[in-house]
Amino acid sequence: MDVEMDVEKNQYEGEQLLAYTNNSPDTLYKVFYHLYYNAFQPNSMMDIRSRTIEDPDGRVKDRISKLTPDEIGYLKVHSLKMNGKKLDFEHVGTILEVELKEPILPNTTVNFEMDFEGQVPLQIRRAGRDNKEGVRYSMSQWYPKMANYDDQGWHANPYIGREFYGIWGDFDVKITIDKSYILGGTGYLQNPEEIGHGYESEGQKVKQSRGKNLTWHFKAPMVHDFMWAADPKYTHDKIEMDNGITIHHLYIKNSKTANNWEKLKEYTPKAMEYLSEHFGQYPYKQYSVIQGGDGGMEYPMSTLITGERTLPSLVGVMVHEMAHSWFQGVLGSNEALYPWMDEGFTTFATNKTMANIFSETPSEFPQRGSYAGYERLAKSGKEEPMTTHSDHYHSNYAYGSAAYSKGAVFLAQLGYIIGEENRDKGMLTYFNDWKFKHPKTNDVIRVMEKQSGLELDWYKEYWVNSTKSIDYAVKSVEDGDKNTHITLQRNGLMPMPVDLVITYQDGSKEMVYLPLVIQRGNKPEENGMPKRIKTQRWPWTNITTEVILEKDINDIKSIEIDPSQRMADINRENNTFMIENSTEEIQ
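One point on numbering: in the numbering used here, the residue at position 562 of the sequence shown is 564, and numbering is uninterrupted.
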């Protein structure tokens, strides 16, 4: 793409040449482009949805409806050709519908040529100009972007404020803009000797431009989107990591940013190292953290974050957006259909990373906040299955809690089911096997099945496809003849394997392990957990089961279901039976 920005009018014109390969076995008779900026117009689908949903996003509310003609966003395609032949097309909100004169056959490549223009909207959601911290341009979702076609067909979803799904490709982008502006974002700068602003190598002489404008030339291999940001006031800091990755920070230095962005330079490389070690090697040679946008939003090789934050907040949002590089950027699950596979997995990775790079005493249970968020959702009466299309959740609350909290618990609880070492090895295999392949729900389940040797389809069916919740109880403990009879009861509708820990009067502990019959095997014994003295399968059809312990009841202090609290039991009050206090039944 070649783009020329008019910073006076906040408008731009562009030319796009797209080589499109149909890797599917299907013949394509239509194509679709996303025109995201058309959402920022009064009475757009995003505007109406934002004003009618029961709990509007505080950043949006009714702001789109009040935009004036010079504040709205738009993307207009003026001409489009395929292999040199003009095509008929129609602008339908945020989608360009294109009829092809000749079909695109399987395993063939065609060339699309496009002329387009756009206007940058006033900053409302993710993209735009003049955000609340004074950043001029947060240029995300700014160009006509080919929709994705996969084994489920076209994904030409209107933009109403949720997430994205894109096709990987090699981007070559030239942006011509007033030379006072400093840019950063996706891609490697190809002409640092003409640009300067800290991009040049040490000792490299910068050629001064005599004209009013500069053309910035970026290339980005194997990315599914291209974001850039620009402001004349940006400070550009560059950190070279030992592994050859360059970290860029671009921010407006002032009393609200200077100290914390300087300290951030310590944590961004640490996060890159930790995430690469535990979730798969980051495949690019650059990552840019840029002040802009309306909070935090991930893009290939880069992120936009608001910058006037406390240090914990600044580090936290940086880590979260960087972690998206694995799940949104490289694995690229369809966020419209499986938002939890991005947001939830990213939240899980964020919690682990923050506990290890930002805290001097790492939390033993960094996912606690996600469990609490899921529990609130499960008890709210607003929960919807995680199979719900992200645009069609009834409330923002239900969407956010499912995607972020319940999605993170999916992985944390998986460690309880198959063992954390298996889960962690499985995450590395998942990344390496599925990078650049758009995995779906069953793909991550199959990786974990192969890693653990256990059957896990039941976990997917209950946790992802339903809103059934977990509640196990120690129903009764009775004195037998030289033994102790323990009755466990499943009160919730979702079955789970149970770790039952017995604590004796002398303080020692032992475990009875009750795997589900349908998981077809046992998780390995885990470090830090009590010795397993008995394994007893529990059929999910049986609401109760009895455990006979070859111990005198007077030797026992307490009996507890899952003291690790990794099982997302929504009522833990009935999980523990104290022998010293009572031997009556707990209801």
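Ideal placement from N, C-alpha and C gives every residue a C-beta, glycine not left out.
Only residues of its own chain outside the window of five on either side were considered, and among them Arg-534 have a CB closer than 7 Å to the CB of Glu-527, listed in chain order. Between Leu-19 and Asn-113, the C-beta gap is smaller than 8 Å, which places the two residues in contact. Assignment of beta-bridge partners to Trp-218 by DSSP yields Ile-177.
DSSP places Gln-288 in the strand class (E or B) of the three-state scheme. Ranked by how close their Cα comes to the Cα of Trp-542, the residues Trp-460, Asp-564 and Lys-214 have Trp-460 in first place. Within the same chain, and ignoring the five residues on either side of Met-388 in sequence, the residues whose Cβ sits closer than 6 Å to its Cβ are Trp-342, Ala-404 and Val-466.
In summary, Ser-407 is buried, with 16 or more beta-carbon neighbours lying within 10 Å of its beta-carbon over all protein chains present. Comparing alpha-carbon positions, the option among Glu-135, Pro-364 and Thr-443 lying closest to Gln-293 turns out to be Glu-135. The three-state secondary structure of Leu-266, taken from DSSP, is helix. The three-state secondary structure of Arg-311, taken from DSSP, is coil. Beta-bridge partners assigned by DSSP to Leu-185: Ala-232. Taking 8 Å as the upper bound for CB-CB distance, Tyr-432 and Val-446 are in contact here, some 6 Å apart. Non-local C-beta neighbours of Tyr-167 in its own chain, meaning closer than 7 Å and more than five positions away in sequence, comprise Asn-150, His-157, Asn-336, Glu-337 and Ala-338, ordered along the chain.
Annotated three-state conformation of Ala-351 is helix, per DSSP. Taking Lys-207 as the centre and dropping the five residues before and after it, the same chain places the C-beta of Glu-195 closer than 8 Å to its C-beta, in chain order. The continuous stretches of alpha helix (DSSP H) do not include Leu-30, which lies in the beta strand (DSSP E) extending over residues 30-36. If only complete runs of 4 or more residues are kept, the segment 323-376 shows the alpha helix (DSSP H) at 341-359, in order along the chain. Tyr-401 is the residue among Arg-212, Pro-364, Thr-308 and Tyr-401 whose C-alpha sits nearest the C-alpha of Ala-380. In terms of Cβ geometry, Phe-173 and Gly-189 form a close pair [threshold 8 Å]. The three-state reading of DSSP puts Lys-462 in helix, counting H, G and I together.
Rounded to the nearest angstrom, the Cβ distance from Phe-42 to His-80 is 20 Å, too far for a contact under 8 Å. In the displayed model, Gln-415 falls within a helix according to three-state DSSP. If you draw a straight line from the Cα of Ser-372 to the Cα of Val-175, it is about 39 Å long. The continuous alpha helix (DSSP H) containing Asp-426 extends over residues 422-436. The residue among Asn-529, Thr-489, Lys-11 and Leu-30 with its C-alpha nearest the C-alpha of Asp-153 is Leu-30. Rounded to whole angstroms, Met-47 and Val-94 show a C-alpha spacing of 11 Å. Burial is judged here by how many other beta carbons sit within 10 angstroms of a residue's own beta carbon; His-326 has at least 16 and is buried. Non-local C-beta neighbours of Gln-538 in its own chain, meaning closer than 8 Å and more than five positions away in sequence, comprise Val-514, Tyr-515, Leu-516, Thr-547 and Val-549, ordered along the chain. Going by DSSP, Ser-52 is part of the alpha helix (DSSP H) stretching over 47-54.
Nearest to Tyr-418 by C-alpha distance, out of Leu-333, Gly-530 and His-396, is Gly-530. Three or more beta-carbon pairs separated by less than 8 Å link the segment 554-567 to the segment 491-505, which places the two stretches in contact. In this structure, the beta-carbon distance from Asn-40 to Asp-296 does not fall below 8 Å. In this structure, the straight-line span from the alpha carbon of Ile-572 to that of Lys-384 is close to 15 Å.
With contacts defined as CB atoms closer than 8 Å, Ala-475 and Gln-491 qualify as a contacting pair. Note on Leu-98: 16 or more other CB atoms within 10 angstroms of its CB, so buried under the neighbour-count rule. The beta carbon of Gly-120 sits closer than 6 Å to the beta carbons of Tyr-14, Tyr-39 and Leu-77 from its chain, once the five residues preceding and following it are set aside; these are given in chain order.
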